[in-house]
Amino acid sequence: MKTAWLVVNGYLKSEKFEEIYSWLIEAAKERNINLKKLPNDQLDSIIPADPENINWRERPEFVLFWDKDVNLARMLEREGFRVFNNADGIEACDDKALTFIRLKNKNIKMPKTFIAPMTFDKEYKDYTFLLQVEGSLGYPMVIKENKGSFGEQVYLVNSYYEAVDKIKEIGHHEFIMQEFMESSKGKDVRIHVVGDEIVTAMERVNENDFRANITNGGKMKKYTPTKEQAQMAIDVCRELNLDFAGVDIMFGKEGEPVLCEVNSNAHFKNIYDCTGVNVSESILDYIVKSIKD
Ligand SMILES: Nc1ncnc2c1ncn2[C@@H]1O[C@H](COP(=O)(O)OP(=O)(O)O)[C@@H](O)[C@H]1O
Ligand SMILES: [Mg+2]
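Count along the sequence shown from 1, then add 35; that gives the number in this note's numbering.
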């Protein structure tokens, strides 16, 4: 039996996360792989600071990195391990400003976006930038913290004053400002890609909120992506060099796909409940094939 590592976040201890880990471990076991769970706070067990303590008798065949601790992913890559997803890909997904930069001018339609200007102060002393932003995007406007999940750090503001209040509330977190896609209000498509293939997809609809996230009350429906949506999901993964991802796509005015965001370690419990497709199986099949090549 081969040994591999499943790196997870040591501070996320809920049932919801444990369930995902157990599915991945189970899928690995079925493929004769002992996938050992290693929380990222087990510093000295993952990469000992003292090189003499490094004991590669247990050298993993690969690392399945189910976290966003990019520095740790980079360290593992420096040790020569094959890390799925790779550190650059995880970084590009985890930071919505970086996702935008990496995909800009790559023929991937995204909402008009401004990245908040960097300031050396604790908070903005001057909000003049907002006048330029509102001139281009208008209201309502979407403000998103660069790092966030489950829709919790995504906001809709209706005026200059609401925008200023929200930015003050966000505090030191970095953020982007985005055109509100009215045509996609409370609605988007989640597509799971593994390798170069679409594994499964669902539509998410929330009648009561502009955010379609399931954790936020969105309802799931089985969905067959259009050719254009499927192509966008695959192009995005290629561009960001991702082995697998959950790609969120909104609907433009003419129904055309507009990229919302990319998740390097997308939860797959909801999509299983919706479609019966277990994405962990595809991920492990893909990894087994990749490490052979
Ligand atoms: N520019 C936008 N216009 C309209 N709705 C949006 C926009 N950006 C995000 N949303 C909605 O908010 C939800 C959460 O945004 P997303 O960027 O995916 O953040 P998270 O990482 O928290 O899921 C999306 O699923 C979508 O329904
Ligand atoms: Mg999302």
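Using N, Cα and C, we set each Cβ at its ideal position, and we do this for glycine too.
Inset, instruction - Quick one: grab the DSSP three-state call for residue 150. - result: strand
Inset, instruction - From the DSSP output, in three-state form, read off residue 213 for me. - result: strand
Inset, instruction - Please classify residue 241: does DSSP put it in a helix, a strand, or coil? - result: coil
Inset, instruction - Mark residue 146 as exposed unless 16 or more other C-beta atoms lie within 10 angstroms of its C-beta, in which case mark it buried. - result: buried
Legend entry - Closer than 7 angstroms: residue 271 CB and nearest ligand 1 heavy atom: no
Inset, instruction - Examine ligand 2 and report whether any of its heavy atoms sits within less than 7 angstroms of the Cβ of residue 102. - result: no
Legend entry - Environment of residue 322 [buried if 16+ CB atoms lie within 10 Å]: buried
Inset, instruction - Thinking residue 291 and residue 134 are a contact (beta carbons under 8 angstroms), I'd like their distance in whole angstroms, please. - result: Residue 291 to residue 134, Cβ: 19 angstroms. No contact.
Legend entry - Residues near residue 214 in its chain [Cβ-Cβ closer than 6 angstroms; skip 5 each side]: 146, 147 and 172
Legend entry - Supposed close pair residue 39, residue 95 - CB separation, criterion 8 angstroms: 5 angstroms
Legend entry - For residue 137, three-class secondary structure by DSSP: helix
Inset, instruction - Would you mind reading off the limits of the alpha helix (DSSP H) that contains residue 283? - result: Here residue 283 belongs to no alpha helix (DSSP H); instead the beta strand (DSSP E) covers 279 to 286.
Inset, instruction - Decide if the segment 248 to 256 is in contact with the segment 96 to 110; the criterion is three or more beta carbon pairs, one per stretch, under 8 angstroms apart. - result: no
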